[in-house]
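In my numbering, the protein residues as written are 363 to 691.
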């Protein structure tokens, strides 16, 4: 076999606009009702198929480790900046499973440039894994001409669900072969109904220099007797009802606040900045609030960078698409 060309893409983060617990499953997971939107806070990933077995992953920070550490007000060797390069990284796990499933020869060379923080509830690792699957398939098709295109969607979706609950979302709407911004997810998050936003969403996100364990957050959760419904939000996002007629919700916010003292200041500062619908995303620790426009979001983010107590990554973002475009070099 020969080596493939480099395949690259920009894996986006996500925000949970709604997250409710419906039941605890026998397998230890929870039945969820959640609404996710992709945002333009993105990593950069490059993959090529090589003759050398295994996954050779190199990781850096796009803005430089020194710069990110300064924003977070931590040392450069702080665990918040450490990204594993072994099979603890979902990119490595995804490509290893793709190799096994397709019975591929050789291995992978991977370059990951991080922007999305870990332990934030923004799905960075899951997005990277989904992109690795898509890039890996594309690269493998170049070196393995006998791959069946008819098995692509089934294979990628199966592997994505195996790797993590959020991973299928970042593959996008494979069956319809279209780019989308949002999905309503049920099950443990892998059963997806994709849809397009009636209008772009603008937001400010604060990652308050704190990583929270998803498992610990869920271990503190209680399933409500009367779960809230995402129906009103879904109708508003699709333009069926007025956008003013919805509220956001995150059932994980209360238990996460008990694990990290950094969440409350983030929510308070977002509210004081004149933004609306202040909530945590996923299992935290990142928090966000909605803005009326990109200009309002940019101004609020700039103000928060000078007023937020302590280190944080603060970004003005807007809704983006999944999957992101693949480039070949």
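All C-beta atoms in this analysis are idealised placements derived from N, C-alpha and C, irrespective of residue type, glycine included.
All of these numbers come straight from a predicted model, not from anything done at the bench.
- Contact between the stretch 368-383 and the stretch 525-536 is established, with three or more Cβ pairs separated by less than 8 Å.
- With respect to residue 568, residue 678 sits apart: the two C-beta atoms are not nearer than 7 Å.
- Judged by DSSP in its simplified three-state form, residue 418 adopts strand.
- Counting only runs that start and end inside the stretch 496-537, there is no beta strand (DSSP E) element of at least 3 residues.
- Here residue 498 is actually not in contact with residue 405; their C-beta atoms are around 16 Å apart, not less than 8 Å.
- In the DSSP assignment, residue 401 falls within the unbroken beta strand (DSSP E) covering 392-404.
- Residue 593: member of the alpha helix (DSSP H) spanning 593-599, first to last residue.
- Going by beta carbons, residue 617 and residue 579 fall inside the 7 Å limit.
- When the alpha-carbon of residue 570 is set against those of 615, 557, 624, the nearest one is in 624.
- Between the alpha carbons of residue 500 and residue 472 lies a distance of about 14 Å.
- The stretch 379-390 and the stretch 435-446 do not touch, with fewer than three beta-carbon pairs separated by less than 8 Å.
- Contact between residue 648 and residue 566 does not hold, since the beta-carbon distance rounds to 11 Å and is not under 8 Å.
- Our two residues, residue 368 and residue 477, have alpha carbons roughly 20 Å apart in a direct line.
- Between residue 544 and residue 399, the CB-CB gap stays under 7 Å.
- Within the DSSP secondary-structure output, residue 676 pairs in a beta bridge with 568.
- Put simply, the backbone Cα of residue 667 is about 23 Å away from that of residue 615.
- Ranked by how close their Cα comes to the Cα of residue 451, the residues 490, 562, 441 have 490 in first place.
- One thing to note: residue 384 has its Cβ within 7 Å of the Cβ of residue 589.
- Counted as a single uninterrupted DSSP element, the beta strand (DSSP E) harbouring residue 469 occupies residues 469-476.
- Cβ atoms of residue 370 and residue 691 come within 8 Å of each other, at about 7 Å.
- Annotation for residue 629: 640, 649 place their beta carbon closer than 6 Å to its own, counting only its chain and skipping 5 residues before and after.
- According to the DSSP secondary-structure assignment, residue 369 is paired through a beta bridge with 409, 690.
- Between residue 366 and residue 410, the C-beta gap is smaller than 7 Å, which places the two residues in contact.
- With fewer than 16 neighbouring CB atoms inside 10 Å of its own CB, residue 462 falls in the exposed class.
- A distance of 7 Å or more separates the beta carbons of residue 526 and residue 475.
- Going by DSSP, residue 434 is part of the alpha helix (DSSP H) stretching over 427-434.
- Closest in alpha carbon position to residue 469, among 416, 524, 564, is 416.
- Of the candidates 660, 413, 659, 574, the residue whose Cα lies closest to the Cα of residue 646 is 574.
- Partner residues in a beta bridge of residue 647, as assigned by DSSP, do not exist.
- In this structure residue 564 is not in contact with residue 380, their Cβ atoms being roughly 18 Å apart against a cut-off of 8 Å.
- Close CB contacts of residue 655 within its chain, under the 8 Å cut and outside five residues either way in sequence, are with 564 (chain order).
- For residue 364, there is no enclosing beta strand (DSSP E), as DSSP marks it with neither H nor E.
- The shortest CA-to-CA distance from residue 682 to any of 542, 550, 459 is the one to 542.
- A straight-line Cα-Cα distance of about 6 Å links residue 396 and residue 382.
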